[in-house]
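Asks: Heads up: the sequence shown runs through residues 8 to 162, numbered per our numbering. Glycine included, every Cβ here is placed at the ideal spot set by N, Cα and C. Dropping a structure here in structure tokens format, bear with me for questions.
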Amino acid sequence: MSATYLDPNQYQSSAMSDPDNRDPLKINKHLQLDFFNVIAEPDASAYSFEIFHKVSHQVYHYTKVFIYRLLTVLLGLPLMLCWGLIFGTYTFLMIWIAVPARQITRTYIGEMGVYVHAICDAVIGPIHRSMGQMFSNIRVSLSRENIHIGKQMDI
């Protein structure tokens with residue numbers, strides 16, 4: 008199985024050439040939180056006053072930017088430390104524990120398959136073949152005649 012890995016230099020160079028593009032892989036394209044994506048007045052009957060609309064736009068924009076930057080400074084850096092620890096630990100566990108354990112398990116299961124196959128061929132196969140031979144001579148015939156049975160069970 009071949010894996011395609013992302014080249015971090017490719018995205019660093021594109022981020023350097025376009026400093027406004029901070030999402031070169033487009034992983035957050037679902038976050039459309041611009042004013043017009045959140046507050047939309049559908050038609051003229053639902054329009055607010057023009058000045059109110061412009062002021063609302065400015066208040067929304069600057070409040071969103073200010074809160075985002077404040078939370079980034081207060082919580083973003085500690086969260087990045089936590090995420091770095093989590094993903095670093097995950098990477099370590101995958102490389103040094105999970106993948107080697109999976110490989111040894113696959114090898115063990117493959118090896119056990121040889122022995123299970125041999126046991127099936129030596130024991131279970133002959134038993135089933137002999138049972139097949141025993142039951143191969145059973146014949147069933149259907150007739151419309153009533154057969155008188157001496158004792159019947161009442162159910």
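Assuming Val77 is part of the alpha helix (DSSP H), what are its boundary residues?
Replies: Residue mapping note: residue 77 aligns to position 70 of the sequence shown, counting from 1. Checking the sequence, you will find Leu at residue 77 rather than Val. First-last of the alpha helix (DSSP H) with Leu77: Glu57 to Leu78.
Asks: Can you list, in chain order, the stretches of the alpha helix (DSSP H) that have 4 or more residues and sit fully within the region 128–157?
Replies: Listed in chain order, the complete alpha helix (DSSP H) runs (minimum 4 residues) inside the region 128–157 are 132–142.
Asks: By Cβ distance, which residues of its chain are closer than 7 Å to Tyr122, with the 5 residues on each side in sequence left out?
Replies: Looking up residue 122 in the sequence shown gives position 115. Excluding positions up to five away in sequence, the list is empty.
Asks: In the DSSP assignment, the alpha helix (DSSP H) including Trp90 goes from what residue to what residue?
Replies: Counting from 1 along the sequence shown, the entry for residue 90 is found at position 83. Start and end: Leu84 to Leu100.
Asks: Taking buried to mean at least 16 other C-beta atoms within 10 Å of its own C-beta, is Met8 buried or exposed?
Replies: As a position in the sequence shown, residue 8 is number 1, starting the count at 1. With a pLDDT of only 45 at Met8, under 50, the local geometry of the prediction cannot be trusted, and the value read off the model is given with reservation. Exposed, by the Cβ-count rule.
Asks: Which first and last residues belong to the alpha helix (DSSP H) in which Ala125 is found?
Replies: The residue given as residue 125 occupies position 118 in the sequence shown. It spans Val106 to Ile126 - the alpha helix (DSSP H) in which Ala125 sits, taken as one unbroken run.
Asks: To which residues of the same chain is Thr114 closer than 6 Å at the C-beta, ignoring the five residues directly before and after it?
Replies: The residue given as residue 114 occupies position 107 in the sequence shown. Excluding residues within five positions, none has a Cβ falling inside 6 Å.
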